[in-house]
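Working notes for the structure below.
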Amino acid sequence: MIATAAFMLLLLSLLLQIVGLLKKELFFSYYLLLTAALLLFTATAMRSAVIGFFAITNSYESLIFYAGVITLVLFLFRILTKVKTPPPVSFLGTLVAIVLLAVASSPNLPKEPLPPIPALRSHWLVLHVTFSFIGEAFFVLAFSASIYYLAVKNDRKKETADQLIYTSIGIGYPFFTVGALIFGAIWAQYAWGSYWSWDPKETWALVTWIVYTGYLHTRFVKRMKGKLSAILSIVGFCFTIFTFFGVNYLMSGLHSYG
Amino acid sequence: MVLLILIALLSAFSTVVPQGNEHRYYLARYPDFIARLILSTHFHRFFRSAMFLILAGLFFLNLLVCATDRIVRRAKRGAPRRYGPDLIHVGVLLLMISGLMSLTARREWYIRLAEGESAQLGYGYELFLTSFEKKTYMDGRPREYVSKVALLRGGQREKTFEIRVNRPLKVERMRIFQDSYSYTTVLSLKDPNNTRHRLKAGESLHTGDGYFTFSGILPEYEEQILRESYSDSAEGERIELHDPRRRDFLLFHERDSGGEIVGVRLLAPDDSISGFTIEGVFLEEQSGFQVVQDKSFTLVLISFFIVGGGLGFTFLQKMGDMKK
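Protein chains in written order, with numbering that gives the first Met the number 0: chain D, 0 to 257; chain B, 0 to 323.
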């Protein structure tokens, strides 16, 4: 119910952002993002109270949390940062959050709040999932800015987009590394007795990490900017999505928790 | 960079090919040419294959040279102290060394114990299972598996511990994980002298001129028998198997003293074999443990700490740069 309300608010924000893109920007639309984020976090908190554990142990709960972090990041980058997110980037980011919530509402995803099975009852798991999604939320912003970069012709706009891609990957990368790889490995060690099993999800998370490492490396060492960097960021985002959905539904492994 | 791309591409591709199966699986699943290609390149065990190990080795050397070169050059130039990337490189190198250690020196094995049973662990330790409890939620889903164990050394109790999922027991260089639980079939037999014997599935009893092995319940009956037994048994109790229709469902292999099979028999409770009478059949709950000996984990933790520190340093430095 609360997640549905958040979904409606996001839709409203998206409509207002379209109006903003066509006519005059309505800042109110971004505060709707904040409200939606708070509602999504409330939904997570309430589910957590019901199941007696942090509610991020299945796909539905993860998507709610992920969408919440994305909308919060979009709001912060639009309202609070020095270099403001261009409206089309916020629009694309909002669209991604809406799509994720639409997927969460799919009848194929069980929504009943169920307490976790023994392997998932670990604080390391909570750290693993939350940090990974915080990192990936920044990658959503980088992805939106990359699309914007490729779409615009104006050099100043390109420069702003490039800076935004770099900043968001720069922030998201440490979160993703620590969450997906380090905390994930520690949890795996406690749960399965092996910190790395080359399970498909682990392998794809590593491949995703290599892509973003490649982005930062080419940026730091080769000073590479522009089209290729933007494409790398888009590839990285596609891999995060595949790691989350593709591996869950196409491959079996240790992470098959639904 | 080319190496990293190659490693990433091959690793991603390896997830499409199911890993670790027997040769016949690939021969049955894929066209002959593809199956032979997979098997000859060891792509079915990609992360242990020469292909992967050589690429990883080259990447290790590459990173080692780059990291050393970077540190030396910056020190010579008196460049600003930016330790973040260096720490990340050192951390990744250590992680790769840990991976190699784990690949070559890791040992793992599995133990199944019923309550009151024990097993040798190594280093003079013995693991004794005091009790095993399956906690469930209201809807019947599993909540927790708890094995209360005692650690014995030289017959003396050294320590008691509750092994749970996510809460292993550490003994010397071994970690003991709660892995699974299962039921095993146990026979109660009486010999001609009226002495009682317990025989688990897979165990043997010696007779005058050979021995016989209780090979378990016939697979086609197993599920049905388990279901019938569960339906009227309280959880946690030793479950007696019912046999209302006198089906012969207990499989035995009789062997001579040289180990050659001389007979295969299907029996039911109250039947006899080599002078032993089957008194009863029980299902006994067993707790499953995974014992892991892997020296690399401490180094892994150190590597993680260094990588994490490097990321933190880099992040703060870049934030500082942006403010300037």
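Note that the Cβ used here is the ideal one computed from N, Cα and C, for glycine as well. Bear in mind that the values here come from a model prediction, so they are computed numbers and not experimental data.
Between D/Thr3 and D/Ala35, the C-beta gap is not smaller than 8 Å, which leaves the two residues out of contact. Residues of the same chain with a CB within less than 6 Å of the CB of D/Ser61, apart from the 5 flanking positions on each side, are Ile55 in chain order.
Close partners of D/Ile116 in chain B (Cβ separation under 9 Å): Arg140, Pro141, Arg142 and Val164. Within the segment 111 to 170 of chain D, the alpha helix (DSSP H) runs of at least 4 residues that lie entirely inside it are, in chain order, 122 to 150.
Membership of D/Trp197 in any alpha helix (DSSP H) is not indicated, and neither H nor E is assigned to it by DSSP. Contacts between D/Pro199 and chain B, judged by CB atoms closer than 8 Å, involve Thr14 in chain order. Among the residues of chain D, none has a CB under 9 Å from the CB of B/Ala49; the nearest is roughly 16 Å distant. Within the model, the alpha-carbon separation for D/Leu73 versus B/Phe160 is close to 48 Å. Nearest Cα to B/Phe304 within the set D/Gly171, D/Ile185 and D/Phe238: D/Ile185. For B/Met100, not one C-beta of chain D is nearer than 8 Å to its own C-beta. Annotation: Cβ neighbours of B/Arg174 in chain D (cutoff 7 Å, chain order): Gly192.
Between B/Glu132 and chain D, the shortest Cβ-Cβ separation is not below 8 Å. By the 16-neighbour rule on beta-carbons within 10 angstroms, D/Arg155 is exposed. Along the segment 50 to 82 of chain D, the alpha helix (DSSP H) occurs as fully enclosed runs of 4 or more residues at 58 to 78, listed in sequence order. Excluding residues up to 5 positions away in sequence, Phe182 lie with their Cβ nearer than 6 Å to the Cβ of D/Leu126 in the same chain. Around D/Pro173, the beta-carbon contacts reaching into chain B at under 9 Å are Gly307, Leu310, Gly311, Thr313 and Phe314. Put simply, the segment 40 to 57 of chain D touches the segment 111 to 127 of chain D. At least three CB pairs are less than 8 Å apart. Cβ contact annotation for B/Ala113 (same chain, cutoff 6 Å, sequence separation greater than five): Glu283 and Gln285, in chain order. Here the alpha carbon of D/Lys81 sits roughly 11 Å from the alpha carbon of D/Thr159. The shortest C-alpha to C-alpha distance from D/Gln16 to any of D/Leu79, D/Thr43, D/Val128 and D/Leu91 is the one to D/Leu91. Between B/Ser295 and B/Ser101, the CB-CB gap stays under 8 Å.
Chain-ordered listing is empty here: chain B has no CB closer than 8 Å to the CB of D/Ser89, the nearest sitting near 21 Å. Between the alpha carbons of D/Ser167 and B/Thr313 lies a gap of roughly 14 Å.
Contact annotation for D/Gly92 against chain B: no contact, minimum CB-CB distance about 21 Å [criterion: below 8 Å]. Assigned with DSSP and collapsed to three states, B/Met100 falls in helix. Of all residues in the segment 173 to 197 of chain B, only Arg174 and Phe176 come within less than 7 Å of chain D when Cβ atoms are compared, listed by chain position. For chain B, none of the residues of the segment 63 to 76 of chain D brings a beta carbon within less than 7 Å of one of its beta carbons. The beta strand (DSSP E) runs lying completely inside the segment 246 to 295 of chain B and spanning 3 residues or more are 249 to 255, 260 to 266 and 275 to 292, given in chain order. By the beta-carbon neighbour count (other beta carbons within 10 angstroms, threshold 16), D/Trp208 is buried. In terms of Cα proximity to D/Ala96, the closest of D/Leu32, D/Thr129 and D/Arg120 is D/Leu32. Interface criterion not met: the Cβ of B/Phe42 is under 8 Å from no Cβ in chain D. By DSSP's assignment, B/Gln119 forms a beta bridge with B/Glu125. For B/Met173, the enclosing beta strand (DSSP E) stretches over residues Met173 to Lys189. In the structure shown, the three-state DSSP call for D/Ala2 is helix.
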